[in-house]
Structures are given as structure tokens and as C-alpha cells.
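S.K.: Okay, handing you the structure first.
Protein chains: 2
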Amino acid sequence: MDRMTEDGSVVLVPVGVVHSPLDEKSNNIPFQSFVSDVEGTIEMGEEYEEGLDGIDGFSHLTIIYYLHKNRKSKLRTVPLLEKEERGIFGTRSPSRPNHIGVSTVKLLSRDGRILKVKGLDMFDGTPVLDIKPYVPKVDLVKGVDNKWLVNKLDEIDSMDEAQRESIQKHLRDE
Amino acid sequence: MDRMTEDGSVVLVPVGVVHSPLDEKSNNIPFQSFVSDVEGTIEMGEEYEEGLDGIDGFSHLTIIYYLHKNRKSKLRTVPLLEKEERGIFGTRSPSRPNHIGVSTVKLLSRDGRILKVKGLDMFDGTPVLDIKPYVPKVDLVKGVDNKWLVNKLDEIDSMDEAQRESIQKHLRDE
Numbered sequence: 001m002d003r004m005t006e007d008g009s010v011v012l013v014p015v016g017v018v019h020s021p022l023d024e025k026s027n028n029i030p031f032q033s034f035v036s037d038v039e040g041t042i043e044m045g046e047e048y049e050e051g052l053d054g055i056d057g058f059s060h061l062t063i064i065y066y067l068h069k070n071r072k073s074k075l076r077t078v079p080l081l082e083k084e085e086r087g088i089f090g091t092r093s094p095s096r097p098n099h100i101g102v103s104t105v106k107l108l109s110r111d112g113r114i115l116k117v118k119g120l121d122m123f124d125g126t127p128v129l130d131i132k133p134y135v136p137k138v139d140l141v142k143g144v145d146n147k148w149l150v151n152k153l154d155e156i157d158s159m160d161e162a163q164r165e166s167i168q169k170h171l172r173d174e
Numbered sequence: 175m176d177r178m179t180e181d182g183s184v185v186l187v188p189v190g191v192v193h194s195p196l197d198e199k200s201n202n203i204p205f206q207s208f209v210s211d212v213e214g215t216i217e218m219g220e221e222y223e224e225g226l227d228g229i230d231g232f233s234h235l236t237i238i239y240y241l242h243k244n245r246k247s248k249l250r251t252v253p254l255l256e257k258e259e260r261g262i263f264g265t266r267s268p269s270r271p272n273h274i275g276v277s278t279v280k281l282l283s284r285d286g287r288i289l290k291v292k293g294l295d296m297f298d299g300t301p302v303l304d305i306k307p308y309v310p311k312v313d314l315v316k317g318v319d320n321k322w323l324v325n326k327l328d329e330i331d332s333m334d335e336a337q338r339e340s341i342q343k344h345l346r347d348e
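Structure follows, in C-alpha cells:
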């Protein structure tokens, strides 16, 4: 299935698809999964159903997916609520070289090859490349220092309607 | 650069490469980046250097990469220190459909397109697909419940030499 080609490209085959109420016309796109209450499902390909056995032992899953609706690839971007451009690898913007997204969602239930999840920030039809269990002991890193992004996230917690609308515009335009 | 083909495959172009002292013959492969003190560098392609501007404002980076040395793709596997097989998507085994790895490393310094990092668990030559800033507010999820994996990780903290050797064998064989 996945492979490297002679020119060094990596070819991946989606293992599933996201069914989500969100699309490009949505007025309420969560800017990250951790602020999302959006429910939906992840439908895995039939051939991968066996790979889900035991997954309901985890409350949260990290989904690795392809941002198929975003065809912009920038090296610099103005992040959400910021004024200055930054290098793309220091942002979570979807307009990145290789459009890979990583989101952690809550697993509500599993029915065969269908996972019911909460906390989606992906558009309907998003191709899923991998699912890993979310494990705080592995995924939480201590002693983290970020200069600007944490302050911005705090701002988002306490913003007004006009600011929220500007975020939606930013997310749609990006 | 990246694109979806008509058959639905996703083609990605590596943006950088990991230079690491680890290879398949290493006797001390960290089983996850959070237990690793291994230092090395990530060398980004010249055309992506601009995308790193401002990245030194982050203490930790999440690296998304291609497990190029692992050519096994299983749907079930026996996880580290376990006896029973589980579905691959409920494990962190590298032998997964689409060999995507996600590790968080500490950023020590940046020199142009070279990032000096600590906490590597990747082999030398690993192709890097994306780098995102690690932000606890985004990446730390509350209310997580895992039935078995956390206990296993605690076991690893307190194991003896023979058990450590058996882990190395597991990692080499997997």
C-alpha cells in the first residue's frame, strides 16, 4: 500500500473517511479540535475493520488526515488573530506544504468499522491516513514554553461576536 | 507539490530529513520520543527554510514523518510488553497501514534550515512530512481514559535489564 517512489515522494492510501456536518460554507468552523463539540463519524475501509479491535479501550484518538479542501501552500502566513506573518511550520495553518492535519477527538462508540466521535474540526469527506490512541503520558510534554500562541488562545476564550466572525472569515479564506 | 491522484491516493513530498544516531542496528532505540534523550538535527529542504521563521519561539515541535525503514503493514499486533494481539489502530506500532509517525521533540536551536533537536526516536534518514508547533493547550486533552496502555507505560519505568533487552528485540523485530 504506502510506498516511496524513486523521486522520494511518499504515496499514502486513505484508510477511512470523515463524515462531518462541517464544510467550506459552515458558519461555525472550530479552529481546533479542542474547542469543538461537533459530532460525526469516521468510516474506515472494510479491509481495515480488524485494525480497530480493542480501540474502544481508549477515550480519545488522534486522527491524522489529509486537508483535501485546502489547495494553498504557503511558506509564511498571518496566524489567527495575529498581524505579523510567521513561517508556516511555526503555525497550525492548514495552508502548508503537504496538507497533513492532526486532531484529537473523543471516541463515543464503535460499531464495526464506524467510529462515532466528538470534537471534529475536519470538513466532510476528509481522507483519514491513520488513527493512533491518544495517551497523555506519551502526548503531553512537560516544560513547554511558547512565546505567543498560548496568549492568543487565551484571547480566543474571551472574545466578542465580531471577533468570532473575523475568525470564521479567516478560517474560510485560509 | 502534494496532491490526490485519481484513485484517491495522496502523494506527499518530504520537506526535510532527520539526522539521527539511531539506526536498525542500534541497541538503545527509545520506544517513544518522550523517553528519549537522543539529540540530532532536522535538515529542511532549502526551499522550505523561510517556513521556519519564528519557529524558535517554541520549545517543542511535533514532527510528522514517514517510517521509511518499516515495510510491514499489519492489522493486528502484539504491543510492547503485552501478550494479546490488538488492532493496529489501538497501538503505536510502526507496522501500520500508511507508515506515519508523530513524535514531539525539544527544539534546542535553529541555524538556517537546520533544527537541532532532542528527544528523537526516529532512524537516521527519516523523511519529514510536516512540522507543527507543540502547544499543550491544543495538544493536551483532559478527561482521558485508557484501560491498559498507561499501566504498561508505568511498568516500563520500573523494569529490569532483561526486560529492557526484550523491548529492544521487540523494537528491532517489529
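Chains as they are written, first to last, in this note's numbering: chain Y, 1 to 174; chain E, 175 to 348.
Cβ atoms here follow ideal geometry from the backbone N, Cα and C, with glycine treated the same way.
Cutting at 7 Å between CB atoms, please list the residues of its own chain near residue 193 of chain E, excluding the five before and the five after it.
M.R.: Result list for residue 193 of chain E: 214, 215, 217, 298, in chain order.
S.K.: Note down the Cα distance separating residue 191 of chain E from residue 161 of chain Y, rounded to an integer number of angstroms.
M.R.: 43 Å
S.K.: How far does the beta strand (DSSP E) with residue 277 of chain E in it reach, from first residue to last?
M.R.: 274-285
S.K.: I need the boundaries of the alpha helix (DSSP H) containing residue 334 of chain E, first residue and last residue.
M.R.: Residue 334 of chain E -> no alpha helix (DSSP H), and no H or E assigned at all.
S.K.: What distance in whole Å lies between the Cβ atoms of residue 261 of chain E and residue 52 of chain Y, which are believed to be in contact at a cut-off of 8 Å?
M.R.: 5 Å
S.K.: Out of Y:99, Y:106, Y:113, Y:121, state which residue places its alpha-carbon closest to the alpha-carbon of residue 302 of chain E.
M.R.: Y:99
S.K.: For residue 164 of chain Y, count neighbouring C-beta atoms within 10 Å of its own C-beta (all shown protein chains included) and say buried if the count is 16 or more, exposed if not.
M.R.: exposed
S.K.: Quick one, which residues of the region 211-223 of chain E are near chain A if we go by CB-CB under 7 Å, in chain order?
M.R.: Absent from the structure: chain A. Protein chains present are Y and E.
S.K.: Can you pull the chain Y neighbours of residue 238 of chain E, defined as C-beta to C-beta under 9 Å?
M.R.: Correct list: 64, 98, 100, 102.
S.K.: For residue 297 of chain E, would you say it is in contact with chain Y, using Cβ-to-Cβ distances shorter than 7 Å as the test?
M.R.: By this cut-off, residue 297 of chain E is not an interface position.
S.K.: Under 7 Å, do residue 117 of chain Y and residue 135 of chain Y count as touching if we go by C-beta distance?
M.R.: no
S.K.: Taking the beta carbon of residue 122 of chain Y as the centre, do at least 16 other beta carbons fall within 10 Å, making it buried, or is it exposed?
M.R.: buried
S.K.: Report all residues from its chain with a CB closer than 6 Å to the CB of residue 74 of chain Y; omit the five preceding and five following residues, and keep chain order.
M.R.: Cβ within range, chain order: 88, 95.
S.K.: Under the rule that 16 or more other beta-carbon atoms within 10 Å means buried, what is residue 2 of chain Y, buried or exposed?
M.R.: buried
S.K.: So residue 18 of chain Y contacts chain E; which residues on that side make the cut at Cβ distance below 8 Å?
M.R.: Going along chain E, no residue has its Cβ under 8 Å from residue 18 of chain Y, so there is no contact; the nearest lies around 14 Å.
S.K.: Residue 4 of chain Y and residue 13 of chain Y: beta carbons closer than 7 Å?
M.R.: no
S.K.: Name the DSSP beta bridge partners of residue 39 of chain Y, please?
M.R.: Y:118
S.K.: Would a C-beta distance cut-off of 7 Å place residue 133 of chain Y and residue 58 of chain Y closer than the cut-off?
M.R.: Yes, the Cβ-Cβ distance between residue 133 of chain Y and residue 58 of chain Y is below 7 Å.
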